[in-house]
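Numbering (the working numbering), first residue to last: 1264 to 1434. Reviewing the structure listed below.
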C-alpha cells in the first residue's frame, strides 16, 4: 500500500492515522487491521516485559539462596531471630521512652499521673511553662543528647547528675 508513497508523505499519513478525518480514503480500508496489529504488538511487548521481570525476580531469588552461606534451617532461624529482636527492641524503646517521660513529668509537677500516694505536688511557675513551651525536637547545643519532647530542656537542665545515673523505680 505504501510502496509508491514518498517517505515524508508516509510519515504524514501514519502520524494522522489515529484521526479518522485526516486519513486518505484508501488508508481507511486498512485502518482497523493496522490498529489491531498495533494493539497486538503492544500487548505482546507488555507480556514479554512482565515475563522477563518475573524470570529475573525468580532467578535472583534462587541465586541468593544458592550462594548464601546459610542453610535453609539457619535462614529460618535467622529470620525468626531478627523478628524477635525487632519486637523486643520496640518494646524496650516504648518502655524506656515512657519511663523517661514519667521522670520528666515528675520533676515538673512533683508527681506521676496515676500514682495513688500523691503527697507533694509542685506548681510550675510561669517561667517553667515558658521554658517547656519551646520545642526542642532536634539536637541543639554542645550536648550530643537530643531532646525528643517539649519537657526535655527544662527537666534535663535541673540536675546534670541524673544523665549518668539510671532512673530508679520505687514501688
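A virtual CB, placed ideally from N, CA and C, is assigned to each residue, including glycine. Computed from a predicted structure; not experimentally measured.
query                                                                                                           : result
Beta-carbon gap between residue 1373 and residue 1361 smaller than 8 Å                                          : no
Buried or exposed (CB count within 10 angstroms, at least 16 for buried), residue 1349                          : exposed
Classification of residue 1367 by the beta-carbon crowding that lies within 10 angstroms, buried from 16 upward : buried
Separation of residue 1344 from residue 1356, as counted between CA atoms                                       : 18 Å
Beta-carbon gap between residue 1341 and residue 1333 smaller than 8 Å                                          : yes
Three-state secondary structure assigned by DSSP to residue 1379                                                : coil
Range covered by the alpha helix (DSSP H) that runs through residue 1363                                        : 1335 to 1372
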